[in-house]
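Trainee: Chains as they are written, first to last, in numbering that gives the first Met the number 0: chain A, 0 to 342; chain B, 0 to 342.
Where is the CB? At the ideal position from N, CA and C, for every residue including glycine.
Please read these numbers as outputs of a predicted model, since none were measured by experiment.
This is the structure, below, for whatever I ask next.
2 protein chains.
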Amino acid sequence: MSIQTLAQDLGLSISTVSRALNGYSDVAAQTRERVVQRAAELGYRPHPGARSMKSSKSNAVGVILPMDERGGQFINAFYSSLLGAIAGVLDARGYTLLVTTHFSPSVHDEVTRYEHLIHSRSVDGFVIVRTLLKDPRVQLLHDRGVPFVTYGRSELNIEHPWVDTDNERAFELATQRQLRQGHQRIGLLNGPSKYTFAKLRRDGYERALRNAGLTPTPAWIVEGDLTESSGYTLTSQLLGLPERPTALICANDAMAIGAIASCRQHGLQVGKDISIMGYGNSDASRYCDPPLSTIEHKVSDNGRHLGQLLLAQLDQLSTPTLSYLEPVDLIARQSDGPAQASG
Amino acid sequence: MSIQTLAQDLGLSISTVSRALNGYSDVAAQTRERVVQRAAELGYRPHPGARSMKSSKSNAVGVILPMDERGGQFINAFYSSLLGAIAGVLDARGYTLLVTTHFSPSVHDEVTRYEHLIHSRSVDGFVIVRTLLKDPRVQLLHDRGVPFVTYGRSELNIEHPWVDTDNERAFELATQRQLRQGHQRIGLLNGPSKYTFAKLRRDGYERALRNAGLTPTPAWIVEGDLTESSGYTLTSQLLGLPERPTALICANDAMAIGAIASCRQHGLQVGKDISIMGYGNSDASRYCDPPLSTIEHKVSDNGRHLGQLLLAQLDQLSTPTLSYLEPVDLIARQSDGPAQASG
DNA sequence: TTGAAAGCGCTAACAC
DNA sequence: GTGTTAGCGCTTTCAA
Chain A
0 MSIQTLAQDL
10 GLSISTVSRA
20 LNGYSDVAAQ
30 TRERVVQRAA
40 ELGYRPHPGA
50 RSMKSSKSNA
60 VGVILPMDER
70 GGQFINAFYS
80 SLLGAIAGVL
90 DARGYTLLVT
100 THFSPSVHDE
110 VTRYEHLIHS
120 RSVDGFVIVR
130 TLLKDPRVQL
140 LHDRGVPFVT
150 YGRSELNIEH
160 PWVDTDNERA
170 FELATQRQLR
180 QGHQRIGLLN
190 GPSKYTFAKL
200 RRDGYERALR
210 NAGLTPTPAW
220 IVEGDLTESS
230 GYTLTSQLLG
240 LPERPTALIC
250 ANDAMAIGAI
260 ASCRQHGLQV
270 GKDISIMGYG
280 NSDASRYCDP
290 PLSTIEHKVS
300 DNGRHLGQLL
310 LAQLDQLSTP
320 TLSYLEPVDL
330 IARQSDGPAQ
340 ASG
Chain B
0 MSIQTLAQDL
10 GLSISTVSRA
20 LNGYSDVAAQ
30 TRERVVQRAA
40 ELGYRPHPGA
50 RSMKSSKSNA
60 VGVILPMDER
70 GGQFINAFYS
80 SLLGAIAGVL
90 DARGYTLLVT
100 THFSPSVHDE
110 VTRYEHLIHS
120 RSVDGFVIVR
130 TLLKDPRVQL
140 LHDRGVPFVT
150 YGRSELNIEH
160 PWVDTDNERA
170 FELATQRQLR
180 QGHQRIGLLN
190 GPSKYTFAKL
200 RRDGYERALR
210 NAGLTPTPAW
220 IVEGDLTESS
230 GYTLTSQLLG
240 LPERPTALIC
250 ANDAMAIGAI
260 ASCRQHGLQV
270 GKDISIMGYG
280 NSDASRYCDP
290 PLSTIEHKVS
300 DNGRHLGQLL
310 LAQLDQLSTP
320 TLSYLEPVDL
330 IARQSDGPAQ
340 ASG
């Protein structure tokens, strides 16, 4: 079923069919309708390869997922929801989501990967995830004039559409809650500091502390890779400190669950001897012991916005740089609690 | 940088360049070397669109992920590792992994999605995940003569390469362990029965029971969607039974963690009052309370094999139907334990 | 408002 | 062993 056969079937020329299908204005309304309907009946789908040759349009959007330092992980559950939502939005508009991986830790290699996809015209635009403070991908795509949206902001002086969760606010809220419960020594189990989200979370945390008249203590701010294991290890480390934190705020629920395990091992009752908060409101956070106080954010909302902002770029409908900052909510459960008098 | 420019640069015809690059034998070894080297220097990459028009080769492999019934989830952490490993193997051979979603619950729509990808020549082959007992996708791809590998077997009478974990053995092992600890009333929190893996697990479970002279009790075999929530709900349901199971075997660690939460709520001490086992050896299984006895299996090994079997198909090197059955191991931790005398 | 025709970059007959 | 050439299916001038 090529445009050729379809045109023959309709007794029209292929160019008329093409124009009708692509919404050109110089086609009789009646003709267009006839074409569109017959195309649907026959299940005609333009060959993406042929199309991309002429128009350099691939009708695909690329995502290159950096593999975890630990290797093996394609994406975690979090990115699952995000990409699912993006795919849904794009799908409705005839775009496919091309998901690829990037194994090498070298930033140079990563940029090469983007260049290859651009050059081969495999994609019309990109979604960048795990945005870095100084993100070479943002620089590259901007320089090349390739449409893209980032999940997370960068600190480069480049205007571009982005979607982000209000990380700063989230961690300010969490910290304020711990402060209100009387905690003064609050640890932060953060993500890798090269990521913008980690910096923003730290900012929010430090702001809350300062507003309470406290000075952040570097020793209580540690970084891990967002897994249960790293939460466990980092917590064990913090608990070994001469002056240990009485409260912990974790970069995600998985780390918090690792933190809880470590506290248990140290004979501390979570929610009483030590106050722990997570982030993400994962299914697991509801069912761990004790249930985790955490920050809710609607991952799929973000995905939807990412998809929409990218489509707007691709349509070139809107030149203004749009963005979406997702609000956050605190969900109180039982893993946090007031500071002990002896704390 | 088209083959045209490259050919001019080399002072050769484009066909010679094409042949050299595609490894045809009728090219002087010296010429080939010169071409290959210059192509690399200039960073020449064939245009996938143009290539797919002529050769119907896209150098891409498709995976269509059915969205969860719950919606929103693109893939869970499990498929993350699997797809990551597949992508790695394919990547090394110049193939990209095209990951798409499928939203509609209708099987008809799903098959249409495959047909579209085939017809548009967007992919050269498929990896089918979550294989069903009667899988229309297997039927379709077989009928169309499109290369594919399945993760999980089907019960259709169709020979095709597959990779699977030894689900039957895994659940036989788990059941035997519970039996050895003196349990007689063993519940199975299974996955949806339409999936082959769920049937095989039930088979393994029932075989172990029968070999021990027991008859499986239908009321103790329940199905959920592999989330913590469903583990929680199903366990609450089983615990409400007049004659409740004293041991549970769960289809994955997430369900087991939900099960633990439910038991805690019912005032049961897991590992003592009730014996629970999971499956998957996830990071979370190590850090929950009590640490989960579970089944280890190497997800990324499976991904590697899937990639290799598919490449073999694509190369048409090997017509014999290959397969790989992954062995499993039991990991004993503290969530299971001997049956109570009063049990 | 429609049709004819020129390619996009590539592969694979076929000729030399 | 290498070059010539005919399309693959499509979009897009340009003519009618």
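List the residues of chain B that Tyr-286/A touches, going by C-beta distances under 7 Å, in chain order.
Mentor: By one-based count along the first sequence, residue 286/A stands at place 287. In chain order: Glu-227, Tyr-231, Ile-256, Gly-257 and Ala-260.
Trainee: On the three-pair Cβ rule with 8 Å, is the segment 243 to 260 of chain B touching the segment 227 to 234 of chain B?
Mentor: Flag = yes, the segment 243 to 260 of chain B and the segment 227 to 234 of chain B touch.
Trainee: Rounded C-beta distance between Lys-271/B and Gly-336/B? I'm assuming under 8 Å.
Mentor: Position 272 of the second sequence, counted from the first residue, corresponds to residue 271/B. Position 337 of the second sequence, counted from the first residue, corresponds to residue 336/B. Their Cβ separation, rounded to whole angstroms, is 6 Å, which keeps Lys-271/B and Gly-336/B in contact under 8 Å.
Trainee: When you compare only the Cα positions, how much space is there between Tyr-278/A and Val-137/A?
Mentor: Along the first sequence, read from residue 1 onward, the residue named residue 278/A stands at position 279. Along the first sequence, read from residue 1 onward, the residue named residue 137/A stands at position 138. Distance between the alpha carbons of Tyr-278/A and Val-137/A: 27 Å.
Trainee: Going by DSSP, name the residue or residues bridged to His-101/A.
Mentor: Numbered from its first residue, the first sequence carries residue 101/A at position 102. The partner list for His-101/A (beta bridge, DSSP) reads Pro-65/A.
Trainee: Can you give me the Cβ contacts of Leu-238/B inside the same chain, cut-off strictly under 6 Å, excluding the 5 residues immediately before and after it?
Mentor: Residue mapping note: residue 238/B aligns to position 239 of the second sequence, counting from 1. If we look at Leu-238/B and ignore the five residues flanking it on each side, its Cβ neighbours are His-265.
Trainee: Can you tell me the Cβ-Cβ gap for Gln-3/A and Ile-13/A, rounded? I've got them flagged as a contact below 8 Å.
Mentor: Here residue 3/A refers to the residue found at position 4 when the first sequence is read from its first residue. Here residue 13/A refers to the residue found at position 14 when the first sequence is read from its first residue. 6 Å between Cβ atoms; contact.
Trainee: Looking at Thr-130/A and Thr-367/A, is the spacing between their C-beta atoms short of 7 Å?
Mentor: Nothing about residue 367/A can be reported from this structure: the residues present for chain A run from 0 to 342 only.
Trainee: Going along the chain, which unbroken runs of the beta strand (DSSP E) with 3 or more residues stay wholly within the segment 121 to 151 of chain A?
Mentor: Listed in chain order, the complete beta strand (DSSP E) runs (minimum 3 residues) inside the segment 121 to 151 of chain A are 124 to 127 and 147 to 150.
Trainee: Starting from Tyr-231/A and walking both ways along the alpha helix (DSSP H), at which residues does that stretch end?
Mentor: Mapped onto the first sequence, residue 231/A falls at position 232. Taken as a continuous stretch (DSSP letters only), the alpha helix (DSSP H) holding Tyr-231/A covers 227 to 238.
Trainee: Label Arg-176/B either buried or exposed according to how many other C-beta atoms from any shown protein chain fall within 10 Å of its C-beta, with 16 as the threshold for buried.
Mentor: Against the second sequence, residue 176/B aligns to sequence position 177. Buried is the call here.
Trainee: Between the alpha carbons of Val-345/A and His-141/A, how many angstroms are there, rounded?
Mentor: This structure gives no information on residue 345/A, because the portion of chain A shown stretches from 0 to 342.
Trainee: Is the beta carbon of Ile-117/A less than 7 Å from the beta carbon of Phe-147/A?
Mentor: Within the first sequence, numbered from 1, the residue matching residue 117/A stands at position 118. Within the first sequence, numbered from 1, the residue matching residue 147/A stands at position 148. Going by C-beta atoms, Ile-117/A is not nearer than 7 Å to Phe-147/A.
Trainee: Using a cut-off of 8 Å between C-beta atoms, extract the partners of Ala-283/B located in chain A.
Mentor: Mapped onto the second sequence, residue 283/B falls at position 284. In chain order: Glu-227, Ala-253, Ile-256 and Ala-283.
Trainee: In chain order, which alpha helix (DSSP H) runs of at least 4 residues are fully inside the segment 251 to 290 of chain A?
Mentor: If we require 4 residues or more, the alpha helix (DSSP H) runs fully inside the segment 251 to 290 of chain A come out as 252 to 264 and 282 to 286.
Trainee: What residue range does the alpha helix (DSSP H) around Ser-192/B cover?
Mentor: For the purposes of this step, residue 192/B is taken as the residue at position 193 of the second sequence. Unbroken run through Ser-192/B: none, as it is neither H nor E.
Trainee: Please report the straight-line C-alpha distance between Arg-33/A and Met-0/A, rounded to a whole angstrom.
Mentor: As a first step, residue 33/A must be located in the first sequence, where it is residue number 34. As a first step, residue 0/A must be located in the first sequence, where it is residue number 1. Near 17 Å, if we compare the C-alpha coordinates of Met-0/A and Arg-33/A.
Trainee: On the DSSP bridge list, what partners appear for Tyr-323/B?
Mentor: Here residue 323/B is taken as the residue at index 324 of the second sequence, counted from 1. In the DSSP output, where bridge partners are listed per residue, Tyr-323/B has Val-162/B.
Trainee: What is the DSSP secondary structure of Ala-246/A, counted as helix, strand or coil?
Mentor: Working through the first sequence from its first residue, we reach residue 246/A at position 247. In this structure, Ala-246/A counts as strand in the three-state DSSP scheme.
Trainee: From Glu-242/A, Asn-280/A, Arg-112/A and Asp-288/A, pick the residue whose C-alpha is nearest to that of Ala-258/A; which is it?
Mentor: Locating residue 258/A in the first sequence gives position 259, counting from the first residue. Out of Glu-242/A, Asn-280/A, Arg-112/A and Asp-288/A, Asp-288/A has the C-alpha closest to the C-alpha of Ala-258/A.
Trainee: In terms of residues, what are the limits of the alpha helix (DSSP H) holding Leu-20/B?
Mentor: As a working mapping, residue 20/B is identified with position 21 in the second sequence. Taken as a continuous stretch (DSSP letters only), the alpha helix (DSSP H) holding Leu-20/B covers 13 to 20.
Trainee: Tyr-286/B to Leu-213/B, Cα distance in whole Å?
Mentor: By 1-based counting over the second sequence, the position of residue 286/B is 287. By 1-based counting over the second sequence, the position of residue 213/B is 214. If you take the alpha carbons of Tyr-286/B and Leu-213/B, they lie about 34 Å apart.
Trainee: Roughly how many angstroms lie between the CA atoms of Thr-226/A and Leu-291/A, to the nearest whole one?
Mentor: Along the first sequence, one-based indexing puts residue 226/A at 227. Along the first sequence, one-based indexing puts residue 291/A at 292. So the alpha carbons of these two residues sit roughly 16 Å apart.
Trainee: Locate the beta strand (DSSP E) running through Ile-157/B, then write down its first and last residues.
Mentor: Here residue 157/B refers to the residue found at position 158 when the second sequence is read from its first residue. Counting along the chain, Ile-157/B falls outside any beta strand (DSSP E), and DSSP gives it neither H nor E.
Trainee: Any contact of the segment 55 to 63 of chain A with the segment 50 to 65 of chain B, i.e. 3+ C-beta pairs under 8 Å?
Mentor: With a cut-off of 8 Å, the segment 50 to 65 of chain B and the segment 55 to 63 of chain A do not count as touching, because too few Cβ pairs lie within range.
Trainee: Mind reading off the beta-carbon distance from Leu-82/B to Leu-96/B? Whole number of angstroms is fine, and I expect it under 8 Å.
Mentor: Here residue 82/B refers to the residue found at position 83 of the second sequence. Here residue 96/B refers to the residue found at position 97 of the second sequence. Yes, they are in contact, since the Cβ atoms of Leu-82/B and Leu-96/B sit about 7 Å apart, within 8 Å.
Trainee: Is the Cβ of Ala-91/B closer than 7 Å to any Cβ of chain A?
Mentor: Indexing the second sequence from 1 puts residue 91/B at position 92. No, Ala-91/B does not count as interfacial toward chain A.
Trainee: With DSSP as the reference, identify every bridge partner of Ser-292/A, one or two as the case may be.
Mentor: If you number the first sequence from 1, residue 292/A lands on position 293. In the DSSP output, where bridge partners are listed per residue, Ser-292/A has Met-276/A.
Trainee: Against His-115/A, what residues of chain B qualify as contacts under a CB-to-CB distance less than 8 Å, listed in chain order?
Mentor: Against the first sequence, residue 115/A aligns to sequence position 116. Result: Arg-44.
Trainee: Chain A beta carbons: is any one of them nearer than 7 Å to that of Met-276/B?
Mentor: As a first step, residue 276/B must be located in the second sequence, where it is residue number 277. So no, Met-276/B is outside the interface.
Trainee: Do the segment 87 to 95 of chain A and the segment 14 to 26 of chain A make contact, defined as three or more Cβ pairs closer than 8 Å?
Mentor: Touching, no.
Trainee: Here's a check: name, in chain order, each residue in its chain whose Cβ is nearer than 6 Å to the Cβ of Cys-262/A, leaving out the five neighbours to either side.
Mentor: In the first sequence, counting from the first residue as 1, residue 262/A sits at position 263. For Cys-262/A, where only same-chain residues beyond five positions count, the Cβ hits under 6 Å are Val-269 and Ile-273.
Trainee: Closest Cβ-Cβ distance between Gly-48/B and chain A: below 7 Å?
Mentor: Against the second sequence, residue 48/B aligns to sequence position 49. So, interface residue.
Trainee: Look up Val-221/B in the DSSP assignment and give the residues it is bridged to.
Mentor: The residue labelled residue 221/B in the question sits at position 222 within the second sequence. Looking at the DSSP assignment, Val-221/B forms a beta bridge with Leu-188/B.
Trainee: According to DSSP, Ala-59/B sits in a beta bridge with which residue or residues?
Mentor: As a working note, residue 59/B is residue 60 in the second sequence. Ala-59/B is bridged to Thr-95/B.
Trainee: In or out: Asn-301/B buried (at least 16 other Cβ within 10 Å) or exposed?
Mentor: Reading the second sequence from its first residue, position 302 is the one you call residue 301/B. Buried, because 16 or more other Cβ atoms sit within 10 Å of the Cβ of Asn-301/B.
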